[in-house]
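Asker:
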Amino acid sequence: MGETPTALAGSHAQAPSGVTAAAPTRVRHIVLLLTVAAYMITYLDRVLLSAAVPSIQKEFGFSLITVGWVLWSYQIAYALFQIPGGWLGDRLGGRRALAGVVVWWSLFTALTAFSWSVTSLAICLFLFGAGEAGAFPIATRSLSRWILPAERGFAQGATHAGSRLGGAITPVIAVLLIGYYGWRMPFYSFALLGIVWAGIWYWFYRDNPSDSRFVNDAERQQIRDALGATRSGARHVPWRRILSSPQLWLLSAMYLCYGYDIGIFLTWFPKYLNEARHFNLQQMGLYASLPLLAGFFGDLSGGTISDQLLRMTGNLKFSRRVVAIAGFSLTTIAIPMACLFANPVWAVGFFCAAVFGLELTVGISWAVTLDIGGEFAGSVSAVMNTWGNIGAAIAAALTGYIATLSGWNSAFFVLAGFSFVAALLSYKVDASKSLFPSSARE
88 MGETPTALAG
98 SHAQAPSGVT
108 AAAPTRVRHI
118 VLLLTVAAYM
128 ITYLDRVLLS
138 AAVPSIQKEF
148 GFSLITVGWV
158 LWSYQIAYAL
168 FQIPGGWLGD
178 RLGGRRALAG
188 VVVWWSLFTA
198 LTAFSWSVTS
208 LAICLFLFGA
218 GEAGAFPIAT
228 RSLSRWILPA
238 ERGFAQGATH
248 AGSRLGGAIT
258 PVIAVLLIGY
268 YGWRMPFYSF
278 ALLGIVWAGI
288 WYWFYRDNPS
298 DSRFVNDAER
308 QQIRDALGAT
318 RSGARHVPWR
328 RILSSPQLWL
338 LSAMYLCYGY
348 DIGIFLTWFP
358 KYLNEARHFN
368 LQQMGLYASL
378 PLLAGFFGDL
388 SGGTISDQLL
398 RMTGNLKFSR
408 RVVAIAGFSL
418 TTIAIPMACL
428 FANPVWAVGF
438 FCAAVFGLEL
448 TVGISWAVTL
458 DIGGEFAGSV
468 SAVMNTWGNI
478 GAAIAAALTG
488 YIATLSGWNS
498 AFFVLAGFSF
508 VAALLSYKVD
518 ASKSLFPSSA
528 RE
């Protein structure tokens, strides 16, 4: 009496000779599902701002350039606090660190609704971005302890697919809530969702799979055989080794290009549809969601294809590289096509293809941080994501100027240029070059 099914499964795994041992549990997949949910919540909160921009701008009377700097305040904090966030995850462990940052940014999501001026709005968004910055690096570090190498491409694709799904449904939900209750209500609602998630994560997740009461002995051994023994507790982060890696800087440069491009779709695309394509609020909510929905399928496809290629060829470098090059090449072609079509529906269709191409690459980038970063994937991914979000911060501020002075087409042609550069950089990224050989991690 009193034993849980998972505890019984663990005892069966040690059954005497002649008795069938229990199959490994799949608790790591529940951990992945919770991480996908966290990524969804980050983008619910993040895209909420861009969906609410037309209503906020109308209430406060901001110019397009002022809107750009308000969006920049979130993006620059999100960029600057990537490395501190990754460090926090590596020092405290994913259980405490991820629950803590989710509670932090959820509180500031709610406080954003109390803004009364451009200054108060910018401050709230800065602190909101500072908290949310830790989400992806800490989550990546958390997965590094659980997810098997052959599952990493799919896992990173799935998590980022969750973020894009969250981003895709946000404009629809936000427009509905704004229409009935005003632009502040969605901020309250999404904040509550984050706090509930943090409680569930803290209760379920353990930094070391061996410490989880839900994992049976067979799955513990499966993880140990694939990843080696996992140490618990705080560890020194070898920043000199991390920052001296040419592969990390190539990856970071590629991700800066990606960050600039996706940043436009996360911050400016609803406003573009409203101003340049003349969609009303309801149409904007629907059509702004479609490229991020396409990105959802891109995320799932990119990671899955890469893992399948790895199983077929055994070549990690090729399996990561070829998918990234294909994705960035598609975006390079699709962006100009979207700009040149006068029909707004056709234009949105090509923008969907562009974001699909972008998102083919993102799971690959984060899988590479696991491939080369190992136990310190949180800090490695934080460096990469810092540069990605520097790109997004530049996009947030610069696009307002470009659109005002030269038009929206010019703003989007810049995206095509960044995609082309990213495709070239992808050719040089080598996921097989670990920053930390096994002897260096012991």
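Each position in the sequence shown, counted from 1, maps to that position plus 87 in the numbering used here. All C-beta atoms, glycine included, are put in the ideal place defined by N, C-alpha and C.
Comparing alpha-carbon positions, which option in 334, 477 and 378 lies nearest residue 459?
Answerer: Among 334, 477 and 378, the Cα nearest to that of residue 459 belongs to 334.
Asker: Quick one, are the C-beta atoms of residue 299 and residue 114 less than 8 Å apart?
Answerer: Yes. Within cutoff.
Asker: Where residue 511 and residue 414 are concerned, what is the direct C-alpha to C-alpha distance, given to the nearest angstrom?
Answerer: Using only the alpha carbons, I get a separation of about 12 Å.
Asker: Around the Cβ of residue 219, are there at least 16 other Cβ atoms within 10 angstroms (buried) or fewer (exposed)?
Answerer: Residue 219 is buried by the Cβ-count criterion.
Asker: Got a sec, what are the start and stop residues for the alpha helix (DSSP H) residue 455 sits in?
Answerer: Where residue 455 is concerned, the enclosing alpha helix (DSSP H) stretches over 431-460.
Asker: Which class does residue 234 belong to by DSSP, given the choice of helix, strand or coil?
Answerer: Of the three classes helix, strand and coil, the one that applies to residue 234 here is coil, per DSSP.
Asker: Counting beta carbon pairs with one atom in the segment 450-459 and one in the segment 334-354, are three or more of them shorter than 8 Å?
Answerer: The segment 334-354, when compared against the segment 450-459, does touch it at the 8 Å Cβ threshold.
Asker: Is the number of C-beta pairs between the segment 411-430 and the segment 356-370 that are closer than 8 Å three or more?
Answerer: Counting Cβ pairs under 8 Å, fewer than three are found: no touch.
Asker: Does residue 363 come out as helix, strand or coil in the three-state DSSP assignment?
Answerer: Reduced to three states, the DSSP call for residue 363 is coil.
Asker: In whole angstroms, what separates the C-alpha of residue 354 from that of residue 134?
Answerer: Computed Cα separation, rounded: 7 Å.
Asker: In this structure, how does DSSP classify residue 394 when only helix, strand and coil are distinguished?
Answerer: Reduced to three states, the DSSP call for residue 394 is helix.
Asker: For the putative contact between residue 305 and residue 480, defined by C-beta atoms under 8 Å, what is the C-beta separation to the nearest angstrom?
Answerer: Actually they are not in contact, since the Cβ atoms of residue 305 and residue 480 sit about 46 Å apart, beyond 8 Å.
Asker: Between residue 499 and residue 425, is the Cβ-Cβ spacing less than 8 Å?
Answerer: Their beta carbons are under 8 Å apart, which means residue 499 touches residue 425 by this criterion.
Asker: Kindly list the residues whose CB is nearer than 6 Å to the CB of residue 239, restricted to its own chain and excluding five residues on each side of it in sequence; keep chain order.
Answerer: So the qualifying residues of the chain are 454 and 457.
Asker: Identify which residue in 196, 172 and 254 has its Cα closest to the Cα of residue 374.
Answerer: Among 196, 172 and 254, the Cα nearest to that of residue 374 is on 254.
Asker: Flag this pair as yes or no: are the beta carbons of residue 125 and residue 189 separated by less than 8 Å?
Answerer: Yes.
Asker: Enumerate in chain order the residues of its own chain whose CB-to-CB distance from residue 212 is below 6 Å, with the five nearest sequence positions on each side excluded.
Answerer: Excluding residues within five positions, the ones whose Cβ falls inside 6 Å are 160 and 161.
Asker: Can you name the start and end residues of the alpha helix (DSSP H) that residue 174 belongs to?
Answerer: Its alpha helix (DSSP H) spans residues 169-179.
Asker: Mapping the DSSP letters down to three states, classify residue 407 as helix, strand or coil.
Answerer: Residue state, collapsed to three classes: helix.
Asker: Does the segment 192-200 come into contact with the segment 269-280, if we say contact requires no fewer than three beta-carbon pairs (one atom in each stretch) closer than 8 Å?
Answerer: The answer is yes - the segment 269-280 touches the segment 192-200, with three or more Cβ pairs under 8 Å.
Asker: Please classify residue 518: is it buried, with 16 or more other beta-carbons within 10 angstroms of its beta-carbon, or exposed?
Answerer: Burial call: buried.
Asker: Using three-state DSSP, classify residue 294 as helix, strand or coil.
Answerer: Of the three classes helix, strand and coil, the one that applies to residue 294 here is coil, per DSSP.
Asker: Residue 328 and residue 522 look like a contact to me (Cβ under 8 Å); what is the Cβ gap, rounded to whole Å?
Answerer: So it is a contact: roughly 6 Å between Cβ atoms.
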